[in-house]
Amino acid sequence: MLGRLGKDAGSLLGVEIAADSVRMLQLHRRQGTEQVVGWAYQPLPGAVGNDWAQAPDALIDALRCAFERCDSRCAQVAVALPGGATLCKLCCLPAGLSAAQLEQRLLVDAEQMFPFALEDLALDFQVLGPAVEPVGHVNVLVAACRQRSLDQLEQLLEAAGLCAVAVEVDSIALRRLVPDGQALLRIEQGGAALHSWSASGLPQRQELTFGAHEPDDARLQRVLELCAAALPGEHGVQVVAASEQASRWLPAFAARLPCDALSPLHGLGSAGLSNRAELARVAPHMALACALALGGAC
């Protein structure tokens, strides 16, 4: 099950499994405004990282603990696979086809589009709108991953008492946080990821990993070079700085790029929470969990 490209899946708990922590956030829409009704930030032991198979028990324990701390009654979650586990393509297909016909056409071409065998392919798609050319065609955004990656994720969540209702591509979910025409740069302790979107809606993701002993100046320079290489000169960037080091870089970014600091939870209510100060402290880490929850807030 790889799904919910732009679809409303109900009130779901947004879950990000990052290399260093599990992040959870649940929203509820009240009088037209989204309210944070539960959240958790649960550190992971260093053995987990991005390879969940290395320490599954530790990850399951962290998911359980985060869910308990979140104090949510909703065990249905929206989650994203790691960025490198999914691929997105833009296809142009005849207009007027049913969903079943579109899926059939995409499966015929899947082995040419994606480096996965058909028996190990999980695929989802969304019609974006009419294509500029040829006339009578539509642009279709297609996302795919290995079925075994989905199975592993669902098994881990199930062992923690959670149920994956929606699995999204991180870049597609994160677009909910960003003004049209802008890119998003997430900087954390271990590296940076730049998310951008073409005019046609195709998500693009570039990332880099910081060396353990790499000087701050060298890290900053590499991040600036990443943005310069990937984005046009006047392309605006929203920056989420989820480490003290990255926060110190913001003036340097502003001097080189048209950018603004982004607070992922800006505009969300939290009046009913007793730990609002702690949530504000970890807010930069909660961008993806928030974006996933926004897709299903009701």
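According to the numbering used here, the sequence shown is numbered sequentially starting from 851.
No residue lacks a Cβ here, since even glycine has one placed at the ideal position from N, Cα and C.
Comparing C-alpha distances from residue 1013 to each of 1047, 925, 1135 shows the shortest one belongs to 925. If you ignore the 5 residues before and after residue 977, its C-beta comes within less than 6 angstroms of the C-beta of 988, 990, all in its own chain and listed in chain order.
Out of 912, 948, 863, 920, the CA that lies nearest to the CA of residue 1123 is found in 920.
Boundaries of the alpha helix (DSSP H) around residue 958: 949 to 963. In the displayed model, residue 870 falls within coil according to three-state DSSP, outside both helix and strand.
Around residue 1120, the same chain offers 886, 1126 as residues with beta carbons nearer than 6 angstroms, after the five sequence neighbours per side are excluded.
Exposure of residue 1050 is indicated by the presence of fewer than 16 other C-beta atoms within 10 angstroms of its C-beta. In this structure, the straight-line span from the alpha carbon of residue 1033 to that of residue 1046 is close to 5 angstroms. Considering only 975, 940, 965, the residue with the shortest C-alpha distance to residue 954 is 975. Sequence-distant partners of residue 1142 (beyond 5 residues in either direction) whose C-beta falls short of 6 angstroms from its own C-beta, in its chain, are 864, 928, 1023.
For the pair residue 1015 and residue 999, the Cα-to-Cα distance works out to about 15 angstroms. Residue state for residue 865 is assigned as strand, using DSSP reduced to three classes. When the beta-carbon positions are compared, residue 1144 and residue 1026 come within less than 8 angstroms of each other.
In this structure the segment 1098 to 1116 lies against the segment 1070 to 1088, because at least three pairs of beta carbons, one per stretch, are closer than 8 angstroms.
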